[in-house]
Amino acid sequence: MDISVLGAASDAIVALADPFRLLMLGCGVLFGLFLGIIPGIGGLAGMALLLPFTFTMDSYAAFAMLLGMSAVTGTSDTIPAVLFGVPGTAGAQATVMDGNPMAKNGEAGRALSAAFTSSLFGGLVGALLLALTVPVLRPFMLYIGSPELLGFSVFGIAMVAVLSGTSPLRGLVAAGIGVMISMIGADPQTGTLRYTMGSFYLWDGLPIVPLVLGLFALPELADLAIKRSAIASESKYDTRKGMSEGLRDALRNWWLVLRGGGLGAGVGAIPGLGSSVVDWIAYGWAFQTTKGADKTFGKGDVRGVIAPEAANNAITAGSLVPTIAFGVPGSASMAILLSVFLIHGLVPGPEMLTTNLDVTYSMVWSIAIANILGAGLCFLFSGQLAKIAVLRYTLILPAVLIFVYVGAFQSSRNWGDLYALLIFAAVGWIMKQLRWPRPPLVLGFVLGALIERYMFISTTRYGFEWMLRPLVVVLFTMAVIVLAGPLIRHVRALGGFKGIASYVGTPRLQWSDLLYVGVLALAGVMVAEALQWPWGAKVGPLSVGILTLSFCVLSFLNQVFTRSVQRARADAGEIRQEVHMDTSVDHGDITLKTVALRAARFFAFLVLFIAMMAVIGLIPTVPLFVAVFMRIEGREKWQLIAGYAAALTLTVYLIFDQLLRIPWPQTLLGQWFPALTVIPSV
48 MDISVLGAAS DAIVALADPF RLLMLGCGVL FGLFLGIIPG IGGLAGMALL
98 LPFTFTMDSY AAFAMLLGMS AVTGTSDTIP AVLFGVPGTA GAQATVMDGN
148 PMAKNGEAGR ALSAAFTSSL FGGLVGALLL ALTVPVLRPF MLYIGSPELL
198 GFSVFGIAMV AVLSGTSPLR GLVAAGIGVM ISMIGADPQT GTLRYTMGSF
248 YLWDGLPIVP LVLGLFALPE LADLAIKRSA IASESKYDTR KGMSEGLRDA
298 LRNWWLVLRG GGLGAGVGAI PGLGSSVVDW IAYGWAFQTT KGADKTFGKG
348 DVRGVIAPEA ANNAITAGSL VPTIAFGVPG SASMAILLSV FLIHGLVPGP
398 EMLTTNLDVT YSMVWSIAIA NILGAGLCFL FSGQLAKIAV LRYTLILPAV
448 LIFVYVGAFQ SSRNWGDLYA LLIFAAVGWI MKQLRWPRPP LVLGFVLGAL
498 IERYMFISTT RYGFEWMLRP LVVVLFTMAV IVLAGPLIRH VRALGGFKGI
548 ASYVGTPRLQ WSDLLYVGVL ALAGVMVAEA LQWPWGAKVG PLSVGILTLS
598 FCVLSFLNQV FTRSVQRARA DAGEIRQEVH MDTSVDHGDI TLKTVALRAA
648 RFFAFLVLFI AMMAVIGLIP TVPLFVAVFM RIEGREKWQL IAGYAAALTL
698 TVYLIFDQLL RIPWPQTLLG QWFPALTVIP SV
């Protein structure tokens, strides 16, 4: 029989108040906070690890532990994003944009406090929206089909225009490259292997974790190594003042928090989008609608931290909507959660909204309580964590680098993950130095495969009539408006088409223009290779590739022929300066030659780590790498090096070898001397 909503909600909180269930919820929260701090691991690995423990639990305790873990990874992933510029999970990418500059400005405590407060209220908003929509969500979800999912994906990728800042054409080029990279692997329609270069590793496509860590994490660490200084020279606030200031920031921007939470829950309910894009969409929306954002975003504006963090923490509640209503997982973590339904004899669908409504509301309460516990624990330690920003770089880099490597390898546990990490690290660093926006590339990569898949399903099932469905028309119209906005503003800033004509002067080439040559060559080769494939496999790559080539040529001509005039007018204050939607480059007084040499030295250390790992294994590599890096880079004392190396090696062994049970790749030493394989990771 039906159960009233209020009655089900009250029954759920009473059931969840059982001491054992609360203990399981607390354990899940602690584990989720821990996983969020380690770059590249995330909630999916946590779900897989905790799943066996739920077999003997009742459904309330099982869901409390799993959702408690999943709900707070988006809280603690802020810590490495703010302090090191390294996103703890894919959902913390946008937080780096303003969080890391705040840390460099001595405001790490303020940034962390604002982020934790926003995460708390964003998660509560998501839980509240889930609670309110549970009774009415089924009719709406029945209306959503592949055409609407395609519309949402197109609208999401249109946000690249917002995320391109001063270079809308460059942003579109980067997005196009991201979409084409997402098409690597076996084509789902024809089975054609696309852009795999004969590598079995690429058959299933390129994993997102090495791409994100390569594009965003390692370039920030490279710049830290180039500057050879602490993240911040000094702290602007003491611990208590910084935390209180961040709390007030979040409360002052309560409307931004509510919008972010609502957006996160809404995007989370769309299967396939998830945390990889919601933070960028929230950041772009905040940039468009927040007063003065064009002058401060990307330079350490706390509002640029609040918006993505509020959205990121609401994603768990949103992704539960299709999971509960239809058994369609809203994210990869929810796919694992579905197995818990089966284990405990629960069937997603009408029964979860009627007979088992109390179990459904126990999930809502679990998410809400987990967010409160997670934010409280992070607040408790944020003051001490903020002090990391003033430590010497030689004490920070070794540990962070090792966690980045292991996080990337955890993606598919293949050597290809580490090679991809290095390649995208070089690409990301070059893009950052030459002011090419990196967010559009990531957004294009995440949404590109979805767009191609939904396009195929929609056209196969509905013909071309799907384009006339009301919600699709609305979403496509919004996408066109969003996409055209930066281009129109750019043209107006130049004085219209007449002004553009007056900007055309003597062509001026720079060494940085070589990147255009590289992009044109890459896109050209990918288009040429696609010509040989069957129609179903090549229509997507050809369409995107031709558009990418066109935008690249236009951007190149715009740079070459208007460079001198634009610089003169900008110096005269005749052009309004727009924000560059990426972290800024500040090497101080260091010469270009020194920057290049130190960057080469840093990347040599990266290659050295992989080489040592291939020969002797990861765990024996840790103490040797720490000793080499700290001694060469900082001339640290041997006593400090020994203690640091021992502590870090023990941590890596306990977490990744004993707890996560990562299957390490075979090493050359293990092949040569099989008896040595008793050593972990050898």
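Here our numbering runs 47 ahead of the position in the sequence shown, where the first position is 1.
A virtual CB, placed ideally from N, CA and C, is assigned to each residue, including glycine.
Spatial neighbours of residue i in its chain, beta-carbon cut-off 6 Å, leaving aside the 5 residues before and after
| i | result |
| --- | --- |
| A446 | L695 |
| P355 | A141, T142, D326, A329, Y330 |
| A162 | T125, V352, E356 |
| V453 | F703 |
| A340 | F334 |
| D464 | P257, A455, F456, S458 |
Residue i burial status per 10 Å Cβ neighbour count (16 or more: buried)
| i | result |
| --- | --- |
| P588 | buried |
| M112 | buried |
| T573 | According to the sequence provided, residue 573 is Met. The question's Thr does not apply to it. Buried, since its Cβ has 16 or more Cβ neighbours within 10 Å. |
| F720 | exposed |
| W582 | exposed |
| S380 | buried |
| Q686 | exposed |
| T103 | exposed |
| M71 | buried |
| L7 | Beyond the ends of the chain as shown, which are 48 and 729, falls residue 7; an answer cannot be given. |
Spatial neighbours of residue i in its chain, beta-carbon cut-off 7 Å, leaving aside the 5 residues before and after
| i | result |
| --- | --- |
| G313 | G365 |
| L481 | S559, L562 |
| P712 | W462 |
| V259 | P134, A137, Q140, V489 |
Rounded straight-line distance, which links the Cα of residue j to that of residue i
| i | j | result |
| --- | --- | --- |
| G192 | I317 | 10 Å |
| A221 | F67 | 50 Å |
| S413 | I663 | 44 Å |
| N147 | R708 | 32 Å |
| F202 | A417 | 31 Å |
| V519 | P194 | 7 Å |
| V489 | L444 | 24 Å |
| F703 | L77 | 17 Å |
| V411 | L80 | 19 Å |
| P215 | H634 | 25 Å |
| E292 | T164 | 11 Å |
| R306 | T337 | 12 Å |
| I228 | L569 | 11 Å |
| A422 | A158 | 14 Å |
| W301 | S160 | 14 Å |
| T714 | N360 | 40 Å |
| A643 | A722 | 43 Å |
| I688 | L448 | 16 Å |
| V226 | K585 | 13 Å |
| P517 | F523 | 10 Å |
| K479 | R485 | 7 Å |
| R555 | V607 | 5 Å |
| A647 | R678 | 18 Å |
| I255 | V493 | 8 Å |
| I419 | D270 | 35 Å |
| T507 | L596 | 29 Å |
| G115 | T363 | 10 Å |
| W476 | L268 | 10 Å |
Cutoff 8 Å; reference residue i; Cβ partners in own chain excluding five residues on either side
| i | result |
| --- | --- |
| P710 | R460 |
| V474 | G261, L262 |
| I726 | G664, I666, P667 |
Residue i versus the options, residue with shortest Cα-Cα distance
| i | options | result |
| --- | --- | --- |
| T120 | L393, S166, V607 | S166 |
| D251 | G238, L715, L671 | G238 |
| S590 | A646, I498, V527 | I498 |
| F650 | L96, A272, P86 | A272 |
| F263 | F523, N418, P487 | P487 |
| L389 | I85, L80, F110, G75 | F110 |
| L98 | L385, L268, P127, P257 | L385 |
| T243 | F598, L671, A467 | A467 |
| K346 | I231, A150, A692 | A150 |
| H391 | R539, A62, D105 | D105 |
| V451 | C74, L69, I85 | I85 |
Distance between beta carbons of residue j and residue i, contact taken as under 8 Å
| i | j | result |
| --- | --- | --- |
| A14 | Y408 | There is simply no residue 14 to check, as the chain begins at 48 and stops at 729 in what is shown. |
| Y440 | R275 | 6 Å |
| M94 | S117 | 7 Å |
| G495 | A358 | About 21 Å; that fails the 8 Å criterion. |
| G309 | L176 | 7 Å |
| V673 | A692 | 4 Å |
Residue i Cβ short of 8 Å to the ligand NAP heavy atom set
| i | result |
| --- | --- |
| G156 | This structure lacks the ligand NAP; in fact it carries no ligand of any kind. |
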